[in-house]
Every structure is written in C-alpha cells, then in structure tokens.
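Using the numbering used here, read the sequence shown as starting at 1 and increasing by one per residue. Even glycine gets a Cβ: it sits at the ideal position worked out from N, Cα and C. Structure first, commentary second.
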Amino acid sequence: MRLSVLLPLILLAACQSTAPVGVGSAAWLGKVDSQLSISDGQGHGPDHGSQEWCNAVHFKLYGQHAAGPVPCDQAWMEETDRALRQGPAATPAPTASSCGISFYKRLIGTSARDIDLAVMPPRTRIIRPGALVTQDYWLDRLNVHVDRKGLITELRCG
C-alpha cells in the first residue's frame, strides 16, 4: 500500500516543471547578476536592482556605458531580459575602450579628490605613485593614474 502511494508522489515530484522566473523578481535579478558576473557572489558589488547595479548590467551587456543613468524600470528589465535571451549576437564584443576611457579623458589634469566613484565605471581604480596594483587585466576596468600632487595624469583600460 505504501509503495502504491509513494511511487506516484515521487513521479509527480520528478515531473514538476519550474515556473519561469518573473522579469524584475528577486530571482530574475539574481540570475542576471550571476549570468553577467556583476557581483562576486560573496556579497560584494552593487545591490540588485539599484541604479549602480542597472548601470553595471548595461555596461556588461552592451560593452559600453550608457549616455546617462539607465531607466532601471520594468520596461528596461524586460528589454534586458530579451537581450540576454538572444545571446552573444545581440551584445557587441567589448572594444579596447570598453572602460569608458574616451568619456573620462576630460578628467586628465583635474584633482583625483574631485572624482565621484559612484558615477565612474564599476571597476575604476585610482593608482597613486608607488602604489602596488594587481596585474590582472579587466577590459572594463578604468585605471586612473595620479601624480604626487593628486592630479590625474593618465587613464588606461585594464
């Protein structure tokens, strides 16, 4: 008797399909974050659904920074979902200037103290004279080189 009841239950459980993840839901935000490697999976990175997170998603998806803050609303999330489902053909490969260097060239000669890191690319790092830096290369990272006076002297991707 037990087997006759247990077996159908096991078979029904095995046949359950997972419901599609709703665009904009916490599960969807987590899926996008994981798929595009926005955070490191250990709690480091922008909060899911925040403006910073949406800007980082746009950058990872299209290989360039948006002209301004992305809308980060339901319509934007649905468009992002479509682009992710279409795959790599829908998203251009990153270019040598994927870190936004051309946009930020205007900072050369200004004080590094005036930089608002919240509006800079997610992987921006400020490199001071004599600073130790990792030798890993990230195409989307903007390296801001500063002289001893604190003025920005050079920008590089990597």
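Bridge-paired residues (DSSP) for residue i
i: Arg154; result: The question names Arg, yet the displayed sequence has Glu at residue 154. According to DSSP, which records beta bridges pairwise, Glu154 is partnered with His145.
i: Ser111; result: Leu151
Beta strand (DSSP E) segment containing residue i, residue limits
i: Ile126; result: Arg125 to Ile127
Where the alpha helix (DSSP H) through residue i begins and ends
i: Lys31; result: Ala26 to Leu36
i: Ile101; result: Ile101 to Tyr104
i: Gln74; result: Gln74 to Gln86
i: Gln51; result: Gln51 to Tyr62
CB contact below 8 Å: residue i versus chain B
i: Asp116; result: In summary, chain B is missing from the structure at hand, where a single protein chain is found.
Residue i CB to nearest heavy atom of the ligand ZN below 7 Å
i: Gln74; result: Ligands displayed in this structure: none; no statement on the ligand ZN is therefore possible.
Whole-angstrom C-beta distance between residue j and residue i, which should lie under 8 Å
i: Ile108; j: Cys157; result: The pair is not a contact, with the Cβ atoms about 15 Å apart (cut-off 8 Å).
i: Pro129; j: Arg148; result: 5 Å
i: His48; j: Leu29; result: 4 Å
i: Val23; j: Ile38; result: Their Cβ separation, rounded to whole angstroms, is 16 Å, which puts Val23 and Ile38 out of contact at 8 Å.
i: Ala66; j: Asn55; result: 7 Å
i: Val32; j: Leu84; result: 7 Å
I want to know whether the segment 111-130 touches the segment 138-145 - three or more CB-CB distances under 8 Å.
yes
Is it the case that the segment 72-89 contacts the segment 150-158, given that we only count it when at least three CB pairs across the two stretches are under 8 Å?
no
Are there three or more Cβ pairs, one per stretch, closer than 8 Å when the segment 71-85 is compared with the segment 110-117?
no
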